[in-house]
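Encoded as structure tokens, the structure appears first; notes follow it.
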Amino acid sequence: MTVAHISDIHFGRLASPGIIGALTGDIHHAEPALVVVSGDLTQRARASQFKEAALMIERFEPPVMVVPGNHDVPAWYRPWARIFNPLGRYEAHITPELQPTFERNGLAVAGINTAHGMTIKGGKVNSEQIAFVRSFFQGAKPEAFRILVLHHPPVLLKRPHRAEVARSAHLALEFIGEQRVDLFLCGHLHQSSVESIPLEGGHSVVIASAGTASSNRGRAGDRRTNIYNIVRVAQEHFTIEERRFDSTSGRFETLRESPFRRT
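Here it is as structure tokens:
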């Protein structure tokens, strides 16, 4: 089983004219069962930017799961839309489904919307969302590889230089050990980070925060880097391959691979 994970596309701030073609071509070569997009498809939540994002999604042959990011919410200079209809354009152009799920081919994947109009850059998780994904994983096959997708990281990560996590994300951490969730996929920080986080009860979960796949908004050590993840799942283990764009060759290449045992 293979899952492609891209984040922080930021149409409106692309790094180069050919970056989207290189990205979609590299993903097709990996032949994933699912493409996950963990938010920030746009730079300023403009209709034109959402239309470009929708065209990119249409280019993928496998199913695509998308959750919104904070940049997919109108900026504060559009206060009415930000407060009262924060994801109107996202729902119109991308999908009205804000709690997407996918269960097929030994995968059980659920997504949470952490982007809300009343926040600035941060995100939040609420108890209703946790109840929804808990119910989903309870109904999934016991042997399924379990992935939870959100835009904002659920915990502080070692590598990124910014300390931004989803508010009330501890609600998610409380149930993932119980439901044996294997992997968090997130973004937002514009730096690539893959970490195994120990939890109570002896369970651990891997958190893969993807860098920006296609924009010129990388940060810190990934300032000039476009990067995304390929997750390859076997019966007893899984590997996260970080794929970085080489502007000289115009192709994505392997930066590093991180292997983990399945729970």
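Under my numbering, think of the first position of the sequence shown as 195, with each following residue one higher.
Quick reminder that beta carbons are idealized off the backbone N, C-alpha and C, glycines included.
Buried versus exposed call for residue i [16 or more other C-beta atoms within 10 Å across all chains shown]
i, result
"lysine 315", "exposed"
"proline 336", "exposed"
"arginine 411", "buried"
"glutamate 225", "exposed"
"tyrosine 422", "buried"
Neighbourhood of residue i by C-beta, 6 Å cutoff - its chain only, sequence neighbours within 5 removed
i, result
"phenylalanine 439", "Asn420, Phe446"
"valine 231", "Ile200, Val260"
"proline 294", "Met259, Gly305"
"tyrosine 284", "Pro262, Asp266"
"isoleucine 251", "Val258"
"serine 452", "Val388, Ile434"
Of the listed residues the options, nearest to residue i (C-alpha basis)
i, options, result
"aspartate 266", "Gln332, Arg456, Arg418, Gln243", "Gln243"
"serine 386", "Arg272, His310, Arg413, Glu372", "Arg413"
"isoleucine 341", "Arg238, Arg437, Val427, Gln237", "Val427"
"glutamine 332", "Ile370, Gly444, Asn307, Arg418", "Ile370"
"valine 388", "Arg437, Glu372, Arg374, Gln429", "Arg437"
"alanine 404", "Phe432, His287, His345", "His345"
"aspartate 220", "Thr448, Thr457, Leu249", "Thr448"
"histidine 223", "Pro211, Phe254, Phe205", "Phe254"
"glutamate 372", "Thr308, Asn264, Phe432, Thr457", "Thr457"
"glycine 395", "Gly215, Glu368, Glu246", "Glu368"
Other residues of its chain near residue i: CB distance less than 7 Å, five sequence neighbours each side excluded
i, result
"proline 392", "Ser398"
"isoleucine 213", "Ser408, Asn420, Phe439"
Extent of the continuous beta strand (DSSP E) to which residue i belongs
i, result
"histidine 431", "431-440"
DSSP bridge partner residues for residue i (one or two, in chain order)
i, result
"valine 427", "Phe432"
"leucine 208", "Ser409"
Delimiting residues of the alpha helix (DSSP H) encompassing residue i
i, result
"valine 327", "321-333"
"serine 242", "241-252"
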